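Peer 1: First residue of the sequence shown? That's 4 in this note's numbering, and the numbers climb one at a time after it.
Supplied in structure tokens, the structure appears directly below.
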Amino acid sequence: MAFFRSVGHVPPKRHTQHRPVDGGELHYEELMGEEGFGSDSSLLYHLGVPSAIVDATPWDLPDQSTTENRPLLPRHLELHRLTPPDWKAVDAITGRRLVLGNDDVRIGYVVAGETSPLYRNAAGDECVYVESGSATVETVFGALAAVQGDYVVIPRGTTHRWLPTGSEPLRLYVIEANSHIAPPSRYLSRYGQLLEHAPYCERDLHGPTEPLLHDGTDVEVLVKHRGSRGITGTRYVYPAHPFDVVGWDGCLYPYTFNIADFEPITGRVHQPPPVHQVFGGENFVICNFVPRKVDYHPLSIPVPYYHSNVDSDEVLFYCGGNYEARKGSGIGQGSVSLHPGGHSHGPQPGAVERSIGAEFFDELAVMVDTFLPLELGEGGLAAEDPDYAWTWSGRGPSA
Numbered sequence: 004m005a006f007f008r009s010v011g012h013v014p015p016k017r018h019t020q021h022r023p024v025d026g027g028e029l030h031y032e033e034l035m036g037e038e039g040f041g042s043d044s045s046l047l048y049h050l051g052v053p054s055a056i057v058d059a060t061p062w063d064l065p066d067q068s069t070t071e072n073r074p075l076l077p078r079h080l081e082l083h084r085l086t087p088p089d090w091k092a093v094d095a096i097t098g099r100r101l102v103l104g105n106d107d108v109r110i111g112y113v114v115a116g117e118t119s120p121l122y123r124n125a126a127g128d129e130c131v132y133v134e135s136g137s138a139t140v141e142t143v144f145g146a147l148a149a150v151q152g153d154y155v156v157i158p159r160g161t162t163h164r165w166l167p168t169g170s171e172p173l174r175l176y177v178i179e180a181n182s183h184i185a186p187p188s189r190y191l192s193r194y195g196q197l198l199e200h201a202p203y204c205e206r207d208l209h210g211p212t213e214p215l216l217h218d219g220t221d222v223e224v225l226v227k228h229r230g231s232r233g234i235t236g237t238r239y240v241y242p243a244h245p246f247d248v249v250g251w252d253g254c255l256y257p258y259t260f261n262i263a264d265f266e267p268i269t270g271r272v273h274q275p276p277p278v279h280q281v282f283g284g285e286n287f288v289i290c291n292f293v294p295r296k297v298d299y300h301p302l303s304i305p306v307p308y309y310h311s312n313v314d315s316d317e318v319l320f321y322c323g324g325n326y327e328a329r330k331g332s333g334i335g336q337g338s339v340s341l342h343p344g345g346h347s348h349g350p351q352p353g354a355v356e357r358s359i360g361a362e363f364f365d366e367l368a369v370m371v372d373t374f375l376p377l378e379l380g381e382g383g384l385a386a387e388d389p390d391y392a393w394t395w396s397g398r399g400p401s402a
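As structure tokens, this is what we get:
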């Protein structure tokens, strides 16, 4: 994210002494940067030593095991079935359930009503879509307000916590990368500015606006990180609260982007999924399908043509409106479809004919395309609709 911001009190020159305006003890400068010293970074100024810890113990993550998609099938996962009866006591970090995953990306879901522990993901960036509800996301950079339709993009290594607000459940669709997540390079100038043909611009991105200072001693932080056998966890205890930053500046920080600010690209005939891309990471992309006018060629067919994902798995999370191509399949609000590489997929029977003459689609969906096969997590297995694979033919193997 190469959009420079400055928040709070920072010295006029980097790597120089920085003290309170009225004098006093030196602030401690921390560089938080990507790809060693070769990419985006920010400089944060702490009241205390950011490296100081007083305890470290293993943190057992929620079940991260996965099951191969074999036999190879398209899948329908009804994520609202994962809503726990005691959701008000569930938090947005420890309550996550793994839905799908591979070595590049993990997709999870959580329904929460409780303030989460302090947490940071040291394995990769997170892109969290707010399906419903609202929250304050407190971070070492400051606070973000997160509402329905927001993507919350949190860089690797950012200490933060989720505080649900309001009375309705906070439903989060969580995309965890093993890399960084950023706008597609084709949207950016060689210096990092979003270009005129991009479907959103810097004005649509909302970062922290002021420092967030908290007191406390012996403060726990849960850390998800890389291990020799995959993703693992550690519980740190800090002698002082990590939210002790008086100011920071740079191009690396958490931000929100609301899906309603994505301007769809349309054409005379059906446009392929890359025009809907919003973010990308290593070996995966994130797209969104938003309410939009559709194809205006006099003989156009607005729903997608049948297509074979020969190089990727395609995952759609249906989070609003009516998805015309999937009518009759059982898919609805809160559903996920997995259409794996090696299987040709497309509209349900009758959808092509019904779409002819349509001028507008009222649909909302978040799509993740991966270039390694996805496996099913325990949450995906618990939410599966076993009849989906046979909805194109109208009969299953026992018929």
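Ideal Cβ positions, reconstructed from N, Cα and C, are used throughout, including at glycine.
Here the structure is a predicted model, which is why all the values come from computation and not from measurement.
Do the stretch 366-385 and the stretch 63-72 meet, that is, are 3 or more Cβ pairs less than 8 Å apart?
Peer 2: At 8 Å Cβ cutoff, the stretches touch.
Peer 1: Would you call the stretch 88-95 in contact with the stretch 155-172, where contact means no fewer than 3 C-beta pairs closer than 8 Å?
Peer 2: Cβ pair count under 8 Å is three or more, so yes.
Peer 1: How about His300 and Val272: do their beta carbons lie closer than 7 Å?
Peer 2: Cβ atoms of His300 and Val272: closer than 7 Å.
Peer 1: What would DSSP say about Asp264, mapped onto helix, strand or coil?
Peer 2: Helix at Asp264.
Peer 1: Pull up the distance between the alpha-carbon of Pro400 and that of Ile268, whole angstroms please.
Peer 2: Each residue's Cα considered, the two are about 40 Å apart.
Peer 1: Output the distance between the C-alpha atoms of Ile56 and Tyr239, rounded to the nearest integer angstrom.
Peer 2: Their backbone Cα atoms lie some 7 Å apart in a straight line.
Peer 1: Around the Cβ of Arg206, are there at least 16 other Cβ atoms within 10 angstroms (buried) or fewer (exposed)?
Peer 2: Exposed, by the Cβ-count rule.
Peer 1: Suppose you measure from the CA of Pro376 to the CA of Gln274; what does that come to, to the nearest Å?
Peer 2: Whole-angstrom Cα-Cα distance: 25 Å.
Peer 1: Can you give me the Cβ contacts of Glu285 inside the same chain, cut-off strictly under 8 Å, excluding the 5 residues immediately before and after it?
Peer 2: Excluding sequence neighbours, Glu285 sits near Asp107, Ala180, Asn181, Ser182 and His183.
Peer 1: With H, G and I counted as helix, E and B as strand and the rest as coil, what does DSSP make of Val102?
Peer 2: DSSP places Val102 in strand when its eight states are reduced to three.
Peer 1: For Gln20, count neighbouring Cβ atoms within 10 angstroms of its own Cβ and tell me buried if that reaches 16, exposed if not.
Peer 2: Gln20 comes out exposed.
Peer 1: With which residues is Arg206 paired in a DSSP beta bridge?
Peer 2: Arg206 pairs with nothing; no bridge assigned.
Peer 1: Is Gly27 helix, strand or coil by DSSP?
Peer 2: Three-state result, Gly27: coil.
Peer 1: Kindly indicate the opening and closing residues of the alpha helix (DSSP H) around Val143.
Peer 2: Unbroken run through Val143: none, as it is neither H nor E.
Peer 1: On the three-state DSSP scale, how would you describe Ser338?
Peer 2: Three-state result, Ser338: strand.
Peer 1: Buried or exposed: where does Leu43 fall if 16 or more other Cβ atoms within 10 Å of its Cβ makes it buried?
Peer 2: Looking at the sequence provided, one finds Asp at residue 43 rather than Leu. With 16 or more other Cβ atoms within 10 Å, it is buried.
Peer 1: When DSSP labels each residue in this structure, what does Tyr309 get in the three-state scheme?
Peer 2: Coil.
Peer 1: Within a Cβ cutoff of 8 Å, which residues of the same chain sit near Pro245, ignoring the five residues on either side of it in sequence?
Peer 2: So the list reads Pro53, Leu121, Val143, Thr162, Val222 and Val224, once near-sequence residues are dropped.
Peer 1: Report yes if the C-beta distance between Gly270 and Pro214 is below 7 Å; otherwise report no.
Peer 2: No, the pair does not count as a contact, with Cβ atoms beyond the cut-off.
Peer 1: For the 8 Å Cβ check, are there 3 or more pairs between the stretch 283-298 and the stretch 72-85?
Peer 2: Result no; under three Cβ-Cβ pairs closer than 8 Å.
Peer 1: Is the beta carbon of Gly233 sitting closer than 7 Å to the one on Val13?
Peer 2: Not closer than 7 Å, so no.
Peer 1: Residues bridged to Ala368 by DSSP?
Peer 2: Per DSSP, Phe292 and Tyr321.
Peer 1: Report the residue from Arg159, Trp395 and Leu103 whose alpha carbon sits nearest the alpha carbon of Gly39.
Peer 2: When each option's Cα is compared against that of Gly39, the closest is Arg159.
Peer 1: Taking Cβ positions, are Leu175 and Val226 nearer each other than 7 Å?
Peer 2: Not a contact, by the Cβ cut-off of 7 Å.
Peer 1: Quick one: using the 10 Å Cβ neighbour count with 16 as the cut-off for buried, is Pro389 buried or exposed?
Peer 2: Exposed: under 16 other Cβ atoms inside 10 Å.
Peer 1: Tell me, please, whether the stretch 301-317 touches the stretch 343-357 by the rule of three or more beta-carbon pairs shorter than 8 Å.
Peer 2: In short, these stretches touch, since the Cβ pair count reaches three.
Peer 1: With Val355 as the anchor, note down where its alpha helix (DSSP H) starts and where it stops.
Peer 2: Val355 -> alpha helix (DSSP H) spans Ala354 to Ser358.
Peer 1: Between which two residues does the beta strand (DSSP E) holding Ala180 run?
Peer 2: Leu173 to Ala180 is the extent of the beta strand (DSSP E) around Ala180.
Peer 1: On the criterion of 16 or more Cβ atoms from any shown chain inside 10 Å, does Phe7 qualify as buried, or is it exposed?
Peer 2: Exposed.
Peer 1: My output table needs one value for Trp393: the three-state DSSP class, helix, strand or coil.
Peer 2: The answer is helix: DSSP assigns Trp393 an H, G or I state.
Peer 1: Please state the DSSP three-state secondary structure of Leu384.
Peer 2: Note: Leu384 maps to helix in three-state DSSP.
Peer 1: Roughly how many whole angstroms lie between the Cα atoms of His200 and Thr60?
Peer 2: C-alpha separation (whole angstroms): 49 Å.
Peer 1: Rounded to whole angstroms, how far is the Cβ of Val297 from the Cβ of Phe374, which I believe are closer than 8 Å?
Peer 2: Not really, about 28 Å apart at Cβ, beyond 8 Å.
Peer 1: Hey, could you find the ends of the beta strand (DSSP E) Thr235 is sitting in?
Peer 2: Per DSSP, Thr235 belongs to the beta strand (DSSP E) from Gly233 to Ala243.
Peer 1: Can you say whether Ile178 is buried or exposed, counting buried as having 16 or more other CB atoms within 10 angstroms of its CB?
Peer 2: Burial call: buried.
Peer 1: Bridge partners of Phe287, per DSSP?
Peer 2: BP columns for Phe287 point to Gly284 and Thr373.
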